[in-house]
Amino acid sequence: MPLRLAILEADTPVPASNARYGGYRGVFRHLLTRAVSPIPLDSVVTLTGHDVVSGDPATVYPDLNNIDAVLVSGSKHNAFGDDAWILGLVEFVGRALADGRVRVVGVCFGHQIVARAMGLTVGRSEGGWEVSVTETGLTERGREVFGRDVLKIQQMHRDIVFGLPDGAELLASTEKCANHGFLIPNKVITVQGHPEFTDDIMDEILELRHASGVLTDAEYASGKTRNKQEHDGVFMAQVFLKFLLDQQQG
1 MPLRLAILEA DTPVPASNAR YGGYRGVFRH LLTRAVSPIP LDSVVTLTGH DVVSGDPATV
61 YPDLNNIDAV LVSGSKHNAF GDDAWILGLV EFVGRALADG RVRVVGVCFG HQIVARAMGL
121 TVGRSEGGWE VSVTETGLTE RGREVFGRDV LKIQQMHRDI VFGLPDGAEL LASTEKCANH
181 GFLIPNKVIT VQGHPEFTDD IMDEILELRH ASGVLTDAEY ASGKTRNKQE HDGVFMAQVF
241 LKFLLDQQQG
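In the UniProt record's numbering, the protein residues as written are 1 to 250.
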């Protein structure tokens, strides 16, 4: 029976990417399809999408009894905000974590939401923006999980999780961001980066955020150059799937 994965869509992709992929459910479908190729994705994992930003809080969240895992997507919003939908998302993730059976994956904003649901503080990083393909150093535990010394990961964030949840093991860090993801075996795995971002998605974000003044000329130019590099998104998705599918993982 395929794994039942609920994608909690905490944002809508930028316009051209949204039209191409069809929301973050489509973005993650594209990623996971490549991760299991040539095996058909639906024979391994089935995806449902849940618009947690504008959906009805009473009905948008999946029944935990009907899923095996949740993945919290990235977002342009602040994970430390107190908007009603963000507080509702934190509460739901807390229930998923407490369930004991349902596994949780957090990506960027999702990483921060998971940490907040586990009692940690999220805020602005003094290091500023990390954008585009970035070499990310792995801890000893991270090297065990990913089987590599470093990962090249697409990044688009300036926020950070302060500290580490009880029982969690740090997976990765950079000079600008100490907490780039953590693991609690058989329960939760998070990453601060964006394995789901393709170069076309990153290019569009860089263009829009530079045009609006969010990114400086230097940040934009550097990000555009590094976006031409290969990155480990598909490989990371394979590790996520192993975490979700292997009952003995950890």
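Just so you know, even glycine gets a beta-carbon here, dropped at the ideal spot from N, CA and C.
How is the beta strand (DSSP E) around residue 103 delimited, first residue to last?
-> 103-107 is the span of the beta strand (DSSP E), which, as asked, contains residue 103.
Residue 5 vs residue 71 beta-carbon contact at 8 Å | yes
Closest Cβ-Cβ distance between residue 127 and chain B: below 8 Å?
-> Protein chains in the displayed structure number just one, and chain B is not present.
By the 10 Å Cβ neighbour count, where 16 or more other Cβ atoms means buried, how is residue 87 classified, buried or exposed?
-> exposed
State the Cα-Cα distance for the pair residue 267 and residue 76, rounded to the nearest angstrom.
-> This structure does not reach residue 267, given that the chain is present from 1 up to 250, and the question cannot be answered.
Have a look at 3, 78 and 14 and flag the residue whose alpha-carbon is nearest the alpha-carbon of residue 205.
-> Residue 14 is the option with its Cα nearest to residue 205.
So what does DSSP say about residue 228, is it helix, strand or coil?
-> coil
Nearest to residue 222 by CA position, among 122, 130 and 158, is which residue?
-> 130
Which two residues bound the contiguous alpha helix (DSSP H) that contains residue 236?
-> 233-245
Through-space distance from residue 38 to residue 20, alpha-carbon basis | 22 Å
Would you identify the three-state DSSP class for residue 20, choosing helix, strand or coil?
-> In the structure shown, residue 20 sits in a helix (DSSP, three-state: H, G or I).
With a floor of 4 residues, list each alpha helix (DSSP H) that falls wholly inside the segment 95-181, ordered by position along the chain.
-> 109-117 and 140-146
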